[in-house]
Amino acid sequence: MNTNLRKQIRETYEKVLQDHITQSLLTKKYKDIYRYIQEIHLRLNRISSEEMKVELDKAIDLDLVKQMLENNAFDQEDFIRISLIYNERLTKLQAPVDDHLSREFESQINDFEGGKIPFIQVVPQTILQFNK
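What follows is the structure, encoded as structure tokens:
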């Protein structure tokens, strides 16, 4: 498969995923958002040591996240906290050459906290970032 075709497929996938996440937020179908959070969590645990797995599971209780989403008790501060924890974990696991990506992501989260980016845009961007 040539490079251009792969790029087109990747871009299409990212657009569809972003649209789906945005639509899930707008229609309050948080079950889908939970699935994405759970998938990121499981992926990070797959490449972590046992000690790091326990640490991540203590920092982010997926059952609690699910309950909070189901009961509309999950807010942007919760999402920021989880995103920063996942970003920190990814930074520990990635090659130092990729550290700039983590810093860029953290900068995006800071822009969100400062009100420069609306929540409806941050969630899809965040999930896409962790799916790369």
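106 is the number of the first residue of the sequence shown in the working numbering; add one for each residue after it.
Even glycine gets a Cβ: it sits at the ideal position worked out from N, Cα and C.
Q.
Suppose the cutoff is 6 angstroms on Cβ atoms and the five residues either side in sequence are ignored; what does the same chain contact list for Y141 look like?
A. Here residue 141 refers to the residue found at position 36 of the sequence shown. For Y141, where only same-chain residues beyond five positions count, the Cβ hits under 6 angstroms are I232.
Q: Count the CB pairs spanning the region 196-215 and the region 108-120 that are closer than 8 angstroms, and state whether there are at least three.
A: no
(Q) Here's a check: name, in chain order, each residue in its chain whose Cβ is nearer than 6 angstroms to the Cβ of L149, leaving out the five neighbours to either side. (A) Along the sequence shown, read from residue 1 onward, the residue named residue 149 stands at position 44. If we look at L149 and ignore the five residues flanking it on each side, its Cβ neighbours are R194.
Q.
At the level of alpha carbons, what is the spacing between Q234 and F210?
A. Start at 1 with the first residue of the sequence shown, and residue 234 comes out as number 129. Start at 1 with the first residue of the sequence shown, and residue 210 comes out as number 105. Using only the alpha carbons, I get a separation of about 8 angstroms.
Q | Straight-line Cα distance separating D166 from Q123 | A | Looking up residue 123 in the sequence shown gives position 18. Looking up residue 166 in the sequence shown gives position 61. Roughly 25 angstroms separates the two Cα atoms.
Q. If you scan the region 123-166 from start to end, which runs of the alpha helix (DSSP H) of 4 or more residues do you find wholly inside it?
A. 135-151, 155-164
Q: List the endpoints of the continuous alpha helix (DSSP H) containing N192.
A: Position 87 of the sequence shown, counting from 1, holds the residue named residue 192. 181-198 is the span of the alpha helix (DSSP H), which, as asked, contains N192.
Q. Quick one: what's got a C-beta closer than 6 angstroms to R229's C-beta in the same chain, skipping five residues either side?
A. In the sequence shown, counting from the first residue as 1, residue 229 sits at position 124. At residue 229 the sequence reads Pro, which differs from the Arg that was named. Only Q123, I126, T127 meet the Cβ criterion.
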